[in-house]
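Chains H and S supply the protein sequences, listed in that same order. Positions 1 to 113 (this note's numbering) are the ones given, in order, by the first sequence. Positions 1 to 113 (this note's numbering) are the ones given, in order, by the second sequence.
2 protein chains.
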Amino acid sequence: MAIPLPGRQVRGSTTGKPIMALLDLLGRTWSLGIIWHLHTGPATFRELQQRCEKISPTLLNTRLKELKTLQLIESQASGYQLSHQGVDLFAIISPLGSWSSQWAQALKEESKL
Amino acid sequence: MAIPLPGRQVRGSTTGKPIMALLDLLGRTWSLGIIWHLHTGPATFRELQQRCEKISPTLLNTRLKELKTLQLIESQASGYQLSHQGVDLFAIISPLGSWSSQWAQALKEESKL
DNA sequence: CACCATGCTACAAATACTGTAGCATGGTGT
DNA sequence: ACACCATGCTACAGTATTTGTAGCATGGTG
Chain H
1 MAIPLPGRQV RGSTTGKPIM ALLDLLGRTW SLGIIWHLHT GPATFRELQQ
51 RCEKISPTLL NTRLKELKTL QLIESQASGY QLSHQGVDLF AIISPLGSWS
101 SQWAQALKEE SKL
Chain S
1 MAIPLPGRQV RGSTTGKPIM ALLDLLGRTW SLGIIWHLHT GPATFRELQQ
51 RCEKISPTLL NTRLKELKTL QLIESQASGY QLSHQGVDLF AIISPLGSWS
101 SQWAQALKEE SKL
């Protein structure tokens, strides 16, 4: 699958709008998960595999290449880590953590009725 | 694919943490796109298909069921629309729009060097 | 130089998504 | 009442993506 570059046609959109490239990227299995798990700090390939619990090395590597090309992560001696842009992106999505808790709660309440 | 309910084991995580259910959901093809395209207002099935440009009706329907079960969208006479929770979720991710523009810009600058 | 850990690739099996056709239902016009 | 149309959605075969396991290559350690 081609890396979703802003400005190009991506999966689901021919317009080339950056948001569409981003949604394509984040909609790929594990993209969000990798970013999420990396925010706790740099990790080596094998450690990242463990943080993600169940990702296959093949796909992990594929995603890492995509994220690196799109400058959301970078690899250093300490392993993979979020880039400056990656940190920014994480800052936007980090409220999902607490939002998801209240959402889970609401679903639970609902199911009681 | 089973609907990622918080509290259950989901794709990529056995912990049942709500955030993992959410990341599983949002990481599925088109989930984010549907939420994104719905924020501009209610849409009928066929109109949503058009907003999404290239989604297959099979998958659109699958995603709509998931999102409905998880109470992020609801269907009314006017068509599908974001639920209260869906609007909340969108509020969190909406900064991705402008973030993606500056990201696209940065990638472009980079490629000039 | 044996031993081990790490980063990563190979590849077949399993799963998810697409694309096209088309059915069922509920209007609208005549 | 009846042809005509749009809509919501399903069927299903073909294609693309993801998983799971095995294992290779490289570099460090005793």
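We put the CB at the ideal spot given by N, CA and C, even for glycine. Quick caveat, the model's predicted, so the values are computed rather than measured.
- Task: Quick one: measure Cβ to Cβ for S:H39 and S:L48, integer angstroms, because I've assumed they're closer than 8 Å.
- Result: Taking the second sequence and counting its residues from 1, the one referred to as residue 39 of chain S is at position 39. Taking the second sequence and counting its residues from 1, the one referred to as residue 48 of chain S is at position 48. That pair is no contact at about 12 Å.
- Query: Quick one: Cα of H:F90 to Cα of S:A43, how far?
  - Reply: Here residue 90 of chain H is taken as the residue at index 90 of the first sequence, counted from 1. Here residue 43 of chain S is taken as the residue at index 43 of the second sequence, counted from 1. When rounded, the distance between both Cα atoms is 30 Å.
- Item | Any C-beta of chain S under 7 Å from that of H:E47 | Along the first sequence, read from residue 1 onward, the residue named residue 47 of chain H stands at position 47. No - not a single Cβ of chain S is within 7 Å of the one on H:E47.
- Query: Is it right to say S:M20 is buried, meaning 16 or more other beta carbons lie within 10 angstroms of its own, or is it exposed?
  - Reply: Here residue 20 of chain S is taken as the residue at index 20 of the second sequence, counted from 1. By the 10 Å Cβ count, S:M20 comes out buried.
- Query: Out of curiosity, what's the CA-to-CA distance linking S:W30 and H:T62?
  - Reply: By 1-based counting over the second sequence, the position of residue 30 of chain S is 30. By 1-based counting over the first sequence, the position of residue 62 of chain H is 62. Each residue's alpha carbon lies about 20 Å from the other.
- Query: Under the rule that 16 or more other beta-carbon atoms within 10 Å means buried, what is H:G27, buried or exposed?
  - Reply: Position 27 of the first sequence, counting from 1, holds the residue named residue 27 of chain H. Classification of H:G27: buried, given that the 10 Å Cβ count is 16 or more.
- Can you give me, in chain order, the residues of the stretch 79 to 111 of chain H that have a beta carbon less than 8 Å from any beta carbon in chain S? Residues of the stretch 79 to 111 of chain H whose Cβ lies closer than 8 Å to any Cβ of chain S, in chain order: Q85, D88, L89, I92, I93, P95, L96, G97, W99, S100, S101, W103, A104, A106, L107, K108 and E110.
- Message: Can you check which of these residues, S:I34, S:G97 and S:Q105, is closest to H:L70 by C-alpha distance?
- Response: Translated into the one-based positions of the first sequence, residue 70 of chain H becomes position 70. Minimum Cα distance to H:L70 is reached at S:Q105.
- Is there at least one Cβ from chain H nearer than 7 Å to S:E66's Cβ? The count along the second sequence starts at 1 and reaches residue 66 of chain S at position 66. It does not: the Cβ of S:E66 has no partner Cβ on chain H nearer than 7 Å.
- Message: Suppose the cutoff is 6 Å on Cβ atoms and the five residues either side in sequence are ignored; what does the same chain contact list for H:E114 look like?
- Response: An answer regarding residue 114 of chain H cannot be provided, because it is not within the stretch 1 to 113 covered by chain H.
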